[in-house]
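The sequence shown runs 4 to 279 under my numbering. For each residue, glycine too, the CB sits at the ideal point set by N, CA and C. A quick write-up on the structure given underneath.
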Amino acid sequence: MKIVLYTDLDGTLLDLSNYSYEAALPALTTLKRRKIPIVFCTAKTLAENEYYREELGIRDPFIVENGGAIFIPQGYFSFDFDYTKEMKHYCVIEFGARYEELRAALNAIRAETGFKIKGFGDMTPEEVAKDANLSIEKARLAKDKIYNESFIFDEPAEKEKILFEKIHEKGFSLTHGGRYYNIHGRNADKGKAVKVLTELFRREYGAEAVKTIGIGDSRNDIPMLEAVDQPAVVRRKDGTWLELPLKNLYKARGEGPEGWVEVVNKFILTNLKFKK
Ligand SMILES: [Mg+2]
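Following this line, the structure appears as structure tokens:
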């Protein structure tokens, strides 16, 4: 059996308020030793993914900006496959829209509705740093977007429906992660990217051999959780779990990275059988 682990970062592998992964380090080391692919599947940018890959010593493919693109290190798979372009030392499979188009759509919606919308592109690195509780260096990485735009929607909850409609009208999609709203291409979500990448893992290791696990915490993770064999959610800061009607959904008691460790122990490190 070849287990592939898809994991969200913010609020899941990383603590939502201080971005710490301390609690997960021993389990990460064991996964790497056992050669279990750890695939980041996150709203974060290419630059942020590279930062955490470097920090954690992870060399597996990763999915950026809520499914905007898959980055696969060259030579990772033993066969040739279709991809959109080469960038640095990656083969990139793109699904997302262009950043400039997304910015234009948000500007148009702001003009049409008067909604208080503030995108990362409207903010200085200092402002992003303050709002997201990041260092200025990390805020620069977070602003370096290619396929989606994150924004603050400073309006009452009932206005969210209008925002959804407006974004759909413009031909794009909306997701809501832990802290920010995201506008992105209609064809791009975490689930689509997970399916495409899982196919590549199946070609490499055999269709029957590959079992996928997904760990997340919020709404932008739903397509990823629906696309894996074993979905799991970690507890959020407010004590709740993401609700979704998946029969075999596992709810970890632990919050953020502690819940992440619980899922990894239960489904990977203790060799429990998959129920699906
Ligand atoms: Mg999250």
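In the displayed model, residue 126 falls within coil according to three-state DSSP, outside both helix and strand. When rounded, the separation of the alpha-carbon atoms in residue 132 and residue 8 is 30 Å. According to the DSSP secondary-structure assignment, residue 72 is paired through a beta bridge with 67 and 97. Residue 182 carries a coil assignment under DSSP once its states are collapsed to helix, strand and coil. According to the DSSP assignment, residue 261 belongs to the alpha helix (DSSP H) that extends over 259 to 267.
Pairing residue 157 with residue 128, the inter-Cα distance amounts to about 20 Å. For the options 94, 29, 202 and 226, the alpha carbon positioned closest to that of residue 190 is the one of 226. Residue side-chain check: residue 13 places its Cβ nearer than 6 Å to a non-hydrogen atom of ligand 1. With distances taken between CA atoms, residue 93 lies nearest to 74 out of 173, 74 and 103. In the structure shown, residue 151 falls within a strand segment according to DSSP collapsed to helix, strand and coil. Excluding residues up to 5 positions away in sequence, 100, 105, 108, 186, 187, 188 and 189 lie with their Cβ nearer than 7 Å to the Cβ of residue 175 in the same chain.
For residue 208, the uninterrupted alpha helix (DSSP H) segment begins and ends at 193 to 208. Measuring C-alpha to C-alpha distances from residue 165 to each of 179, 112 and 193 identifies 112 as the nearest. Of 215, 89, 134 and 84, the smallest CA-CA separation from residue 42 is found for 215. Note that the region 201 to 213 does not touch the region 250 to 258; fewer than 3 beta-carbon pairs, one per stretch, sit closer than 8 Å. Judged by DSSP in its simplified three-state form, residue 218 adopts strand.
The way I'd put it, the region 50 to 63 does touch the region 134 to 144; three or more beta-carbon pairs between them come closer than 8 Å. In the assembly as shown, residue 221 is a buried residue. Its beta-carbon has 16 or more other beta-carbons within 10 Å.
Within the same chain, Cβ atoms closer than 6 Å to the Cβ of residue 224 are found at 11, the five residues on either side in sequence being excluded. Separation of residue 271 and residue 192 (C-alpha to C-alpha, rounded to the nearest whole angstrom) is 25 Å. Note: residue 187 is bridge-paired with 151 and 176 in the DSSP secondary-structure output. Pairing residue 266 with residue 235 gives a Cβ-Cβ distance under 7 Å. C-alpha of residue 268 to C-alpha of residue 76: approximately 27 Å in a straight line. Ligand 1 has no heavy atom closer than 6 Å to the beta-carbon of residue 20.
For residue 23, the CB contacts under 8 Å within the same chain, skipping 5 residues up- and downstream, are 17 and 260 in chain order. Taking C-beta atoms as the reference points, residue 59 and residue 31 count as a pair closer than 7 Å. Around the CB of residue 126, 16 or more other CB atoms lie within 10 Å, so the residue is classed as buried.
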